[in-house]
Amino acid sequence: MSREEIDRLRSRLQSARRITALTGAGISADSGIPTFRGSDGLWKNFRPEELATPDAFRRDPATVWEWYDWRRRIIATKAPNPGHIWLARMEKRWPSFHLITQNVDGLHALAGSRRLIEMHGNIWKTRCTRCGVVEEDRRVPLPIPPSCSTCGALLRPHVVWFGESLDPEELATCMAWLRDAEVFFVIGTSGVVQPAASFAGMARQAGSFVVEINLEPTPITEQADCSIRGRAADTIPRLLGES
Ligand code: OAD
4 MSREEIDRLR
14 SRLQSARRIT
24 ALTGAGISAD
34 SGIPTFRGSD
44 GLWKNFRPEE
54 LATPDAFRRD
64 PATVWEWYDW
74 RRRIIATKAP
84 NPGHIWLARM
94 EKRWPSFHLI
104 TQNVDGLHAL
114 AGSRRLIEMH
124 GNIWKTRCTR
134 CGVVEEDRRV
144 PLPIPPSCST
154 CGALLRPHVV
164 WFGESLDPEE
174 LATCMAWLRD
184 AEVFFVIGTS
194 GVVQPAASFA
204 GMARQAGSFV
214 VEINLEPTPI
224 TEQADCSIRG
234 RAADTIPRLL
244 GES
């Protein structure tokens, strides 16, 4: 993207009042957390149907928990990068800035984002399979399989697995945020997992100016008004920073 195009986008941002951003694993890749697809992606070495479905958990909860515990150990050593930090700053600068993430790593909240929906859940939370209580649990490593401190039943990760529905209220809020946005950012997502994969198209139909930030082209690219090739951790500060 040329300097001129960046300047045009920056002036559009200056005058916008309502901005929404959707993020995926690419933003946390810059903090050292593996993505799902791509050459080093988790789904190259692990099979989602054995680790991230309700059936897999019913068959073998310990194996599923081992995998989540391994991911928690990696994430525990990582910190928010300038991409997360600048998105958190946007809340202060724009009265109506909202953030939707597919990431479960909790780094946006750690960076300070509050008007945030973690649509696929949070790897630092557990949910009881019997009483449904959701709790934050930052133990690393976890006793496997972990059990509920209230009723003693098996806990599961408070994340959304393949074949499960998103929280309907959260989804409705995401829809409202994306339809309302004058500018809609799509950052570091491969754009193949629904429903997030449809958000850019919906936002555009509702009149948003859609900006994609990614290392490579994706199915979102052709729906975007503007596509920026680059690392999220460099590009977001470049767009939003003072210089
Ligand atoms: P993916 O791993 O599918 O895609 C990551 C995207 O980030 C790719 O398009 C990369 O090109 C891009 N990318 C990588 N590094 C980047 C960087 N430094 N800066 C900018 N972009 C970069 O991850 P998601 O799209 O988030 O769901 O995956 C969506 C969902 O699929 C996940 O939430 C997870 C997974 O299965 C569940 O587990 C339910």
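Letter by letter, the sequence shown follows residues 4 to 246 in the working numbering.
Every residue gets a Cβ at the ideal spot worked out from N, C-alpha and C, and that includes glycine.
In this text the structure is predicted, and so the values were computed from the model without any measurement.
- The Cβ atoms of T56 and G166 lie closer than 7 Å to each other.
- Rounded to the nearest angstrom, the gap between the Cα atoms of S211 and R40 is 28 Å.
- If only complete runs of 3 or more residues are kept, the stretch 108–176 shows the beta strand (DSSP E) at 119–121, 124–131, 137–139 and 158–162, in order along the chain.
- C-alpha of D108 to C-alpha of I77: approximately 10 Å in a straight line.
- If you draw a straight line from the Cα of C177 to the Cα of I120, it is about 8 Å long.
- Within a 10 Å sphere around the beta-carbon of T129 sit 16 or more other beta-carbons, which makes this residue buried.
- DSSP places S31 in the uninterrupted alpha helix (DSSP H) bounded by A28 to A32.
- In this structure the stretch 79–97 does not lie against the stretch 48–62, because fewer than three pairs of beta carbons, one per stretch, are closer than 8 Å.
- Segment contact: the stretch 14–25 against the stretch 186–204, three or more CB-CB distances shorter than 8 Å; contact assigned.
- By the neighbour-count criterion, in which a residue is buried when 16 or more other Cβ atoms sit within 10 angstroms of its Cβ, C154 is exposed.
- Ranked by Cα distance from G194, the first of Q105, P149 and R207 is Q105.
- In the three-state DSSP reduction, N217 falls in the strand class (E or B).
- One thing to note: A203 has its Cβ no nearer than 7 Å to the Cβ of A184.
- Shortest gap from the CB of V163 to any heavy atom of the ligand OAD: under 6 Å.
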